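Engineer: If you read the first sequence in the UniProt record's numbering, its first letter stands for residue 1, the second for the next number, and so on.
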Amino acid sequence: MSAPPPEDLVKHWESEQARLRQQVVEEDTEEWQTSPDFSGLERVGGVDLSFIKGDDVNACAQLVVLSYPDLEVLYEDSQMVTLTAPYIAGFLAFRETPFLLEALQRLKRNQPRLLPQVVFVDGNGLFHYREFGLACHLGVLSGLPCVGVAKNLLQVQGVYKSEEHQSQIAALQKGGDSFPLAAASGKVLGKALRSSDKSSKPVYVSIGHKISVDTAVHLTHSCCRYRVPEPIRQADFRSREYLRTHFPAADT
DNA sequence: GCGACAG
DNA sequence: ATCTTGTCGC
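1) Anyone know if the C-beta pair for residue 50 and residue 240 falls short of 8 Å?
2) Quick one: Cα of residue 106 to Cα of residue 226, how far?
3) Within 10 angstroms of the Cβ of residue 88, are there 16 or more other Cβ atoms? Answer buried if so, exposed if not.
4) Classify residue 185 as buried or exposed, calling it buried when 16 or more other Cβ atoms lie within 10 Å of its own Cβ.
5) Assuming the contact rule is C-beta atoms closer than 8 Å, residue 27 and residue 212 should be a hit. Round their C-beta distance to whole Å, please.
6) Between which two residues does the beta strand (DSSP E) containing residue 191 stretch?
7) Report all residues from its chain with a CB closer than 6 Å to the CB of residue 71; omit the five preceding and five following residues, and keep chain order.
8) Report the residue from 80, 46, 56 and 171 whose alpha carbon sits nearest the alpha carbon of residue 67.
9) Given a cut-off of 8 Å on the beta-carbon distance, is the pair residue 235 and residue 33 in contact?
10) Could you check which residue in 221, 17, 158 and 133 has the C-alpha nearest to that of residue 182?
11) Write down the C-beta distance between residue 17 and residue 130 rounded to the nearest angstrom, noting that I regard them as a contact closer than 8 Å.
12) Residue 150 and residue 123: beta carbons closer than 8 Å?
13) What are the boundary residues of the beta strand (DSSP E) that residue 223 is part of?
14) Can you check which of these residues, 244, 216, 245 and 58, is closest to residue 25 by C-alpha distance?
15) Which residue or residues does DSSP assign as beta-bridge partners of residue 135?
16) At what residue ranges does the stretch 122-189 contain a whole run of the alpha helix (DSSP H), taking only runs of 4 or more?
17) Who are the near neighbours of residue 140 in its chain, counting only those whose CB is closer than 8 Å to its CB and skipping five residues on each side?
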């Protein structure tokens, strides 16, 4: 068996996304999600992958679990992995999900009591070309509630960086303020959120699995000390730190 | 041809 | 994702 040509690969990936898309649960399913202050929520997870400068194959897969509401690190796992799939916009999950799932499996096997009750993913969830971004993919395959947080706006589903969009951003006065990102159909696929009073640039929140948009936005805001929610920020920081200490200047 | 293109 | 330090401002 040889690797299928890129075109066939993309076709296969598209059908795979369409199939898994049907399994996404777009509503709150957990008890803690119904509480205004999320009482019952004790652990929030964050995942990320970091790469070495000129290498897009070897990366550090990171999983962190923080306490809630204190946001203190309870668990950390850094693991070097070898990626096989290329990065193609719209198919990020096929490149990263396998390794993020492995990290969750290691945790489940070694310290099941530390499994997070919700996982923050850097990237989009429903706010995606086919309404099935990385956060949905990881959510469906892991069965865990997931929230997608993108640092940049994906211009898709009729959402553009228009004058109107810019003015809506300017109207976000304080941390917690948000406005909906609606598809041409009118369906709200996510929300632009001013995550803290200081950051004027919003983050784009969309649900991954087993959580409603409004709960996802509220939760994201409550996990932000800075612009990027703490679980993702810690995962990013620690995976980069791992690469720094284990792979110093790869020069001559 | 031009612009977009999560990480 | 990564290449990259200081710097201007609150």
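Heads up, the beta-carbon is just placed ideally off N, CA and C, and yes, glycines get one too.
Bear in mind the structure is a predicted one, so any value in this text is a computation, not a measurement.
Structural biologist: Per the coordinate set shown:
1) Contact: yes.
2) If I take the Cα positions, the gap works out to 29 Å.
3) exposed
4) exposed
5) So it is a contact: roughly 5 Å between Cβ atoms.
6) For residue 191, the uninterrupted beta strand (DSSP E) segment begins and ends at 188-193.
7) Excluding residues up to 5 positions away in sequence, 230 lie with their Cβ nearer than 6 Å to the Cβ of residue 71 in the same chain.
8) 46
9) no
10) 158
11) Contact flag correct, Cβ pair sits at about 5 Å.
12) yes
13) Run containing residue 223: none; DSSP gives neither H nor E here.
14) 216
15) Paired residue(s): none; residue 135 is not in a bridge.
16) 134-142 and 163-170
17) 20, 23, 24 and 209
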